[in-house]
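Below: one structure, written as structure tokens.
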Ligand SMILES: NC(=O)c1ccc[n+]([C@@H]2O[C@H](COP(=O)([O-])OP(=O)(O)OC[C@H]3O[C@@H](n4cnc5c(N)ncnc54)[C@H](OP(=O)(O)O)[C@@H]3O)[C@@H](O)[C@H]2O)c1
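In the working numbering, the protein residues as written are -15 to 261.
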């Protein structure tokens, strides 16, 4: 592998654009990035925006690469993989899939077997450089390749490895679906603040800034979230009243149930996808 690896993206949608933007911001050279997708008009706008090389030929795109990022929807993945398999079996790049639910075994089979492969479960805040991704590597992936994929996903947020592929369901239920849990909390807080008389725009800004500030504190504090929570709760004060209300209302059990439902659905969707191909 060269010191400046060439990275090819098959698929030029939201995720590919987010990752490419992050990579360029963190110093990757556009000259080392290739992108392919069916629509040449769309590709030309990607080329203009990022300065990367583009082609409508997935095989040609894959052939250039030390690392191929499969950034297409799960429904077209089988066709894409089978099409590029003869090329990548020859050049043997690191294959990276960001598609939810498609197992390393299934992808490996479509790619004709034996290639180093990493599965990544990213999330939507990747689109603003604040993603949280879980990564799983199959046995063929070398340490240097792990570093390479890690640095790509760190350019759009956090990237953390799991040792067992099944834990990607647990990651899906945590950080994959997680942004929506926090959006729900924002929505609920905004609604009650508006009911209490705060103007809607002000309520939203205060709620968002509170969430962002709490997240920032949790990220950089030496204390765990429980301690940070207790630090805000003075005895007999307002926060204590609210937290007690959450606890008595069964918030923790509700979180457990919601998380479990997402986890179960992730497993079901993986089975459905495997059955359809
Ligand atoms: N968005 C997220 O936050 C998120 C989070 C986690 C995982 N993911 C996964 O990331 C993957 C991509 O998601 P996305 O949101 O970026 O989807 P997207 O915006 O719909 O992008 C898909 C891209 O694939 C292209 N494409 C379709 N058929 C193709 C083919 N045969 N060969 C090459 N390219 C083809 C599409 O081109 P056209 O538009 O020209 O058809 C489009 O550029 C999905 O597997 C999704 O499950 C996304």
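Glycine is no exception: its CB is placed at the ideal position from the N, C-alpha and C atoms.
CA-to-CA distance, residue j to residue i, given in whole angstroms
i	j	result
residue 1	residue 179	39 Å
residue 96	residue 74	11 Å
residue 94	residue 53	15 Å
residue 115	residue 7	13 Å
residue 31	residue 5	12 Å
residue 227	residue 218	11 Å
residue -1	residue 111	7 Å
residue 72	residue 109	31 Å
residue 205	residue 3	28 Å
residue 257	residue 131	29 Å
residue 197	residue 44	46 Å
residue 247	residue 68	32 Å
residue 12	residue 138	12 Å
residue 254	residue 84	8 Å
residue 49	residue 101	14 Å
residue 164	residue 119	21 Å
residue -15	residue -6	Because residue -15 carries a pLDDT of 42, less than 50, the predicted location of this residue cannot be relied on, and the following value inherits that uncertainty. Their backbone Cα atoms lie some 20 Å apart in a straight line.
residue 224	residue 136	42 Å
Buried/exposed call for residue i, threshold 16 Cβ in 10 Å
i	result
residue 209	exposed
residue 153	buried
residue -10	buried
residue 42	buried
residue 22	exposed
Per DSSP, cross-strand counterpart(s) of residue i
i	result
residue 18	-8 and 37
residue 102	80 and 121
residue 142	116
As assigned by DSSP and simplified to three states, the class of residue i
i	result
residue 178	helix
residue 53	strand
residue -15	Bear in mind that a pLDDT of 42 at residue -15, under 50, signals an unreliable position, so the number given afterwards is only what the model happens to contain. The answer is coil: DSSP assigns residue -15 none of H, G, I, E or B.
residue 250	helix
residue 209	helix
residue 89	helix
residue 61	helix
residue 243	helix
residue 6	helix
residue 162	helix
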